[in-house]
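So that you can map any letter, position 629 of the sequence shown is 748 in this note's numbering, and since no number is skipped, the others follow by simple counting. Let me begin by presenting the structure, written as structure tokens, before commenting on it.
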Amino acid sequence: MSWQKILGAVIGGALLLTAGILLGHFAIPKGGADQGAPSWVQTVGRDLDESLLQSFMDQVESGKIRENLKALASRPHMATTEGDEALVKLLLSRWQDQQTGLDSASEDVYGAFLSFPDPQRPNSVAVGAWGPNSSQIFTSRRSEKNVTADQAHADVVQPYAAYAPPGNPRGRLVYANQGKRSDYQKLVQMGIDLNGTIAITRYGGAGRADKAVNGAEFDVAGVVVYTDPGDINDGQASEEETYPNSWYMPPSGVERGSYNGYFGDLLTPYYPAKEFTYRIKESEIQGIPPIPTQPIGFEDAKTLICNLAGPVAPVAWQGSLGCSYHVGPGFRTGGQFPNTSDVQVNVHNQRVIKNSSNVMGFIRGSEEPDRYILYGNHRDSWVHGAIDPSSGTAVMLEITRVLGKMLKEGKWRPRRSIIFGSWGAEEFGLIGSTEYTEEFYSKLRERSVAYINVDISVFANATLRAQGTPPAQSVIFAAAKQVQTPASTSMSVYDNWRNHFNRSSPSYGIIPSLGSLGAGSDYASFIHYLGITSMDIAYTYDRSKTSARIYPAYHTAFDTFDYADRFIDPGFTSHQAVARTAGNVLLRLADSLILPLNVSDYGEKLDELYSTAAQGNFLATLTANNISLGPLKAAIGRFKSVAADFNQRIRKLKEEESPSPLQIRMVNDQIMLLERAFLNPKAFPNKYYYSHVIWASKSSDQATFPGLADAYASALETKDWDQVRKHLTIAVQAVESAASSLEAVA
């Protein structure tokens with residue numbers, strides 16, 4: 120190459136370099152290189168605004184919640200009825216309001232398999248001498264007594280056991296305590312032939328459906344269920360001692376309910392109940408009563424139980440009906456009924472598929488719209504449902520009013536998206552929420568951070584009661600510390616909660632006790648099926664002042680606005696405290712740069728479950744069968760170590776002036792997906808939806824890993840220790856999987 124060409128190339132390169140420098144100098148705006156960057160660069164690192172939290176709580180009004188509850192409980196609103204449809208319209212109108220509404224709201228419809236009584240042929244429990252010349256001596260009440268005008272409403276559904284089959288069995292009456300399998304076994308041990316009998320059982324101890332399922336196993340022909348005043352009323356049983364004179368259930372009160380041992384639509388397990396969905400045969404349904412079953416009030420139960428013959432019932436079976444309980448069979452000589460009288464259970468229930476709606480509200484996130492914080496409660500009730508579920512819906516509507524106002528005024532938009540759900544047909548078996556998780560299974564598993572459930576928001580006005588998976592503890596504690604208890608402006612909800620329910624933590628000392636989640640409300644499918652961190656928040660009563668199984672008017676025609684206003688929360692200050700606490704939790708989850716869920720708190724729960732197994736007869740029996748808990752102990756130790764390292768990484772990220780958005784997203788995804796790591800869809804093949812190895816249901820009373828506990832209890836009878844080894848493997852693998860999900864990405 121000639122020197123002229125070389126010189127030309129050098130000069131040309133110099134000119135291009137000079138032009139580039141000049142172009143770059145004048146193209147960059149003065150005042151910083153990021154000034155002309157996209158707006159997301161400015162906002163992607165924003166964190167929770169504490170002043171906004173306080174502003175939200177200041178705007179929550181007890182009076183507004185009271186107004187909400189009065190509207191929600193103005194008429195009965197059982198699923199799919201006119202009252203329920205009216206509330207669908209109310210929620211849509213609130214969430215679509217121009218001043219206080221959300222970004223959008225919609226109605227999602229499912230064809231739910233439901234069960235209703237025949238209005239033309241009321242169910243009943245009767246006593247008579249049956250035969251060619253039948254004479255009926257006694258019939259149970261067909262409706263509760265009208266102690267206020269509310270019970271006279273035309274839409275009050277007669278008491279019934281949803282999903283109990285129709286039939287008219289009759290036989291000698293026996294008292295079977297709580298209808299547990301062990302209760303029926305006890306009667307057999309006492310020499311009582313249960314074949315063809317009618318069993319009367321009290322609520323509690325076993326699930327509603329189990330009372331009939333267990334009875335059928337012992338050839339019982341029909342079941343009657345009642346609420347004992349000793350379990351619900353602290354023994355108070357007279358009209359003078361009960362509502363409307365106090366919060367206690369009146370003698371005619373009947374607890375309605377779904378006699379369904381599973382959740383979700385019974386004909387479409389694992390699939391949304393849509394028009395295109397395959398439905399199994401009714402004969403294939405499991406977990407519902409195989410024999411006619413009917414609930415009654417305790418005044419009618421007294422008439423039956425206090426006239427029974429036979430041996431005296433065990434001390435633990437005695438109740439508060441004002442007599443000595445005998446077990447039967449049949450009635451005593453000299454009582455109210457001839458000793459030859461039989462009891463007949465008359466059930467005329469009808470099973471139908473009807474459209475039931477979820478109402479969904481949506482607020483789009485600004486920085487992470489594909490990450491969801493879910494908040495929900497069911498809408499349907501058995502009658503007026505002031506406490507269950509309308510107290511929770513009244514709170515949700517107040518939270519959405521305040522957030523909607525902030526949103527419409529341009530004062531706030533969450534970092535992550537928020538989804539509100541008003542679930543349909545929960546009372547029949549958590550149907551609306553389960554169908555929602557089935558329909559949007561993949562999207563929810565990939566994008567959901569947490570689910571907040573506020574069903575019965577106020578059982579009573581003494582203290583907070585929160586349940587949840589361990590990572591939720593930290594965010595609930597943080598919120599509860601910022602809310603004042605209704606009883607005192609100088610005490611936080613957190614401190615009051617710790618005074619009522621507490622535990623000793625190796626990490627934190629004496630702290631409030633966070634309860635575990637079963638399957639009693641709409642969080643069930645979110646935690647057990649999808650593995651989403653979940654929690655349930657409510658205010659409840661002082662356990663030192665009442666032994667009530669639940670608030671006394673539960674599922675009766677007395678659960679009205681008047682009942683709530685006079686006896687549950689006068690002034691609605693506890694409702695306000697729940698709204699502030701749950702709303703605070705919601706905002707922390709939606710707006711915090713790093714998710715406020717502490718993964719290390721799972722370590723304490725795993726230690727607790729292990730400690731139960733590693734002591735006493737449980738450990739000795741395992742050892743005798745050459746089963747070692749060593750691998751489980753090692754896995755838990757590794758989880759705790761990895762979780763500690765993970766939290767250390769988070770602390771370092773928080774100390775950085777401008778942490779990498781990708782690093783933030785990475786740790787947040789690890790936090791979000793931790794709960795999913797405990798899922799094993801093959802661990803419990805006989806239990807619909809249960810796949811969470813830590814929280815699955817169990818029949819054993821051993822407080823350890825559920826699969827291990829049940830396999831151990833079974834092996835004591837069957838000597839099949841391979842199942843114990845299998846479930847020990849499942850537990851170890853789940854803990855190891857969870858630990859690996861928290862490791863730093865190489």
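In this text, a Cβ means the ideal position worked out from N, Cα and C, and glycines have one as well.
- Of the candidates Glu358, Leu728, Tyr660, Glu723, Glu358 places its Cα closest to the Cα of asparagine 265.
- Cβ contact annotation for glutamate 374 (same chain, cutoff 7 Å, sequence separation greater than five): Tyr322, Thr346, Pro414, Tyr673, His674, Thr675, in chain order.
- The closest CA to that of isoleucine 407, considering only Ala280, Gly416, Ser777, Tyr367, is found on Ala280.
- For the pair of segments examined, the region 333-342 was found to touch the region 298-305: the number of CB pairs separated by less than 8 Å reaches three.
- If you compare the alpha carbons of Thr519, Val466, Tyr367, Met654 with that of isoleucine 482, the shortest gap goes to Thr519.
- Distance from valine 854 to leucine 725 at the Cβ level is roughly 6 Å; contact confirmed, criterion being Cβ atoms closer than 8 Å.
- The shortest CA-to-CA distance from serine 460 to any of Gly247, Lys773, Ser193, Lys473 is the one to Gly247.
- Proline 750: member of the alpha helix (DSSP H) spanning 749-774, first to last residue.
- Pairwise C-beta distances place the region 635-654 in contact with the region 563-573, as three or more of them are shorter than 8 Å.
- Going by DSSP, serine 476 is part of the beta strand (DSSP E) stretching over 469-482.
- A distance below 6 Å between beta-carbons, with the five flanking residues on each side excluded, links glutamine 821 to the following residues of its chain, in chain order: Ala828.
- Restricted to the region 392-470, the alpha helix (DSSP H) segments that are unbroken, complete and at least 4 residues in length are 417-424, listed in chain order.
- Under the criterion of beta carbons closer than 8 Å, serine 644 and serine 536 do not qualify as touching, at roughly 20 Å.
- If you check the CB distance, proline 533 and serine 485 come in under 8 Å.
- Under the three-state reduction of DSSP output, aspartate 829 falls in the helix class.
- Going by DSSP, isoleucine 669 is part of no alpha helix (DSSP H) at all; its letter is neither H nor E.
- Note that the C-beta distance between arginine 470 and glutamate 401 is below 8 Å.
- According to the DSSP assignment, histidine 619 belongs to the alpha helix (DSSP H) that extends over 612-619.
- Counting along the chain, tryptophan 542 sits inside the beta strand (DSSP E) bounded by residues 535-542.
- Looking at the DSSP output, methionine 654 sits in a beta bridge with Ile571, Gly587.
- With fewer than 16 other beta carbons inside 10 angstroms of its own, serine 609 counts as exposed.
- The beta carbon of methionine 785 sits closer than 7 Å to the beta carbons of Val864 from its chain, once the five residues preceding and following it are set aside; these are given in chain order.
- A contact is defined here as three or more CB-CB pairs under 8 Å, and the region 731-739 fails this definition with respect to the region 619-628.
- Beta-bridge analysis with DSSP links tyrosine 362 to no other residue.
- Within the model, the alpha-carbon separation for glycine 383 versus glycine 326 is close to 16 Å.
- Close CB contacts of glutamine 586 within its chain, under the 6 Å cut and outside five residues either way in sequence, are with Gly634, Leu636, Asp655 (chain order).
- About 5 Å separates the beta carbon of tryptophan 616 from that of threonine 582, a gap short enough to meet the 8 Å contact definition.
- By the C-beta criterion, the region 256-265 is judged not to be in contact with the region 172-183, since fewer than 3 inter-stretch pairs fall below 8 Å.
- The beta carbons of alanine 701 and valine 573 sit about 5 Å from each other, so the pair counts as a contact at 8 Å.
- By the criterion of a C-beta distance shorter than 6 Å, lysine 183 is surrounded in its chain by Glu517, once the five residues flanking it on both sides are discounted.
- For serine 623, the secondary structure class from DSSP, reduced to helix, strand or coil, is strand.
- Counting C-beta atoms within 10 angstroms of its own C-beta, threonine 452 has fewer than 16 neighbours from the protein chains shown and is therefore classed as exposed.
- When the five nearest sequence neighbours on each side are left out, the beta carbons in the same chain lying within less than 6 Å of the beta carbon of serine 475 are those of Ala198, Thr199, Tyr229, Ala231, Gly543, Ala544, in order along the chain.
- Sequence-distant Cβ neighbours of glycine 690 in its own chain, meaning closer than 7 Å and more than five residues away, are Ser181.
- If you draw a straight line from the Cα of glycine 310 to the Cα of arginine 584, it is about 44 Å long.
- It is roughly 10 Å from the alpha-carbon of asparagine 745 to the alpha-carbon of alanine 739.
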